[in-house]
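Remarks on the structure that follows.
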Amino acid sequence: MLQKDDPSEKKPHKSLNRGQVWVVGQLILGFAVLVAALPWHAGFFWPGLVVLLFGAGTAFWALLNLGKSLSVFPLPKDDAVFVGDGLYRWVRHPIYSGLLLAGLGWALLWLSWAAGLVWLVFAVWMDRKAAAEEAWLVQKYSNYADYRRRVRKFIPLVW
166 MLQKDDPSEK KPHKSLNRGQ VWVVGQLILG FAVLVAALPW HAGFFWPGLV VLLFGAGTAF
226 WALLNLGKSL SVFPLPKDDA VFVGDGLYRW VRHPIYSGLL LAGLGWALLW LSWAAGLVWL
286 VFAVWMDRKA AAEEAWLVQK YSNYADYRRR VRKFIPLVW
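Convert by adding 165 to the 1-based position in the sequence shown; the result is the number in the numbering used here.
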């Protein structure tokens, strides 16, 4: 006799238990910012380029700060260690901050309303991804709740 699975006992599929959906959405929305930019509206080229490069540099520096704890997935690696120095002493998610700045810079570079709207969706997505990641970080690191109270999410002293 076949026994039916109890839906309350179902676990997420192995391929979805590290937060892959968040990464795929991030990549799709980030790419959409690039695609949505209309090249004939290049009115804010230089300010946009400065913001884009500052964002890319911020993200790269934050990647270096994480070292071996770096993962593209929001679920921390088993061997990850808490990083609260470098850029992480100013914001909790400097990689996301850098990506958001780079996307905003790209939208400004082309002065594209479409890219700006997609960037807003991207910002909301990254905020939600950070919230999901922080639920895991609180479980993994006993000091994370205090760190979260002291340090802003994306922008020092603001957000």
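From the three backbone atoms N, C-alpha and C, an ideal C-beta is built for every residue, glycine too.
In this structure, G220 lies away from L274, with their beta-carbon atoms at least 7 Å apart. The DSSP-derived three-state label of R317 is strand. Residue ranges of uninterrupted beta strand (DSSP E) with 3 or more members are absent from the stretch 201-241; none lies entirely inside it. About 6 Å separates the beta carbons of G263 and A227, which is inside the 8 Å limit, making them a contact pair. Between W290 and G190, the gap from beta carbon to beta carbon is short of 7 Å.
For the options L235, W255 and L252, the alpha carbon positioned closest to that of V246 is the one of L235.
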